[in-house]
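Asker:
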Amino acid sequence: MSGGLGRMRDIGAALKTVLGVSPQNNAGSAINGPAIDRTGFESCVLSAMAGSTTGSPTSFTVDAKLQESADGSTGWADISGAAISALTAVDTEGDVDIDLSGVKKFVRAVVTPAFVGGTSPTVDVAATVVLGGAQEVPAA
Numbered sequence: 028m029s030g031g032l033g034r035m036r037d038i039g040a041a042l043k044t045v046l047g048v049s050p051q052n053n054a055g056s057a058i059n060g061p062a063i064d065r066t067g068f069e070s071c072v073l074s075a076m077a078g079s080t081t082g083s084p085t086s087f088t089v090d091a092k093l094q095e096s097a098d099g100s101t102g103w104a105d106i107s108g109a110a111i112s113a114l115t116a117v118d119t120e121g122d123v124d125i126d127l128s129g130v131k132k133f134v135r136a137v138v139t140p141a142f143v144g145g146t147s148p149t150v151d152v153a154a155t156v157v158l159g160g161a162q163e164v165p166a167a
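Positions in the sequence shown are counted from 1; adding 27 to them yields our numbering.
(1) Just reading off the beta strand (DSSP E) that T80 is part of, what are its end residues?
(2) Could you tell me whether the segment 134-149 touches the segment 85-102, using the rule of 3 or more Cβ pairs below 8 Å?
(3) What first and last residue would you give for the beta strand (DSSP E) that runs through E95?
(4) Using the C-alpha atoms, what's the distance from E69 back to V164?
(5) Using the DSSP secondary-structure output, state which residues sit across from L114 in a beta bridge.
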């Protein structure tokens, strides 16, 4: 198909899904995801997940945010408006839409769990970044 209708039926041509933070069990330390080269994309969605807990915490939170860097290895800084409100229940997901105009070349997800109570509590966490607004279609 040609034209706009064909593109509307092939959303995958305009998106690129990237692993933000690999699924893992965490005891409360910040997890920095890998550097993601966002060249050619004008926006993204950061999605974070909280799975099951162990160690019987009284409560927990999972915070997630997106950071930017010019070179993908140093100078990481939080992107304004690119944080997910704390996840506070097992098997939940949260996401935030992010405008990448004016953002540096590299981004990364950061997921940070925190606990109240329990005996050596942990929570399963993960994050995904879906890049959108591709300047060229199909997105690589």
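Note that beta-carbon positions come from the ideal geometry of N, C-alpha and C, so glycine has one too.
What you are looking at is a predicted structure, and each value in this text was computed from that prediction instead of being measured.
Answerer: Let me spell this out:
(1) 68-81
(2) yes
(3) 86-96
(4) 13 Å
(5) V89
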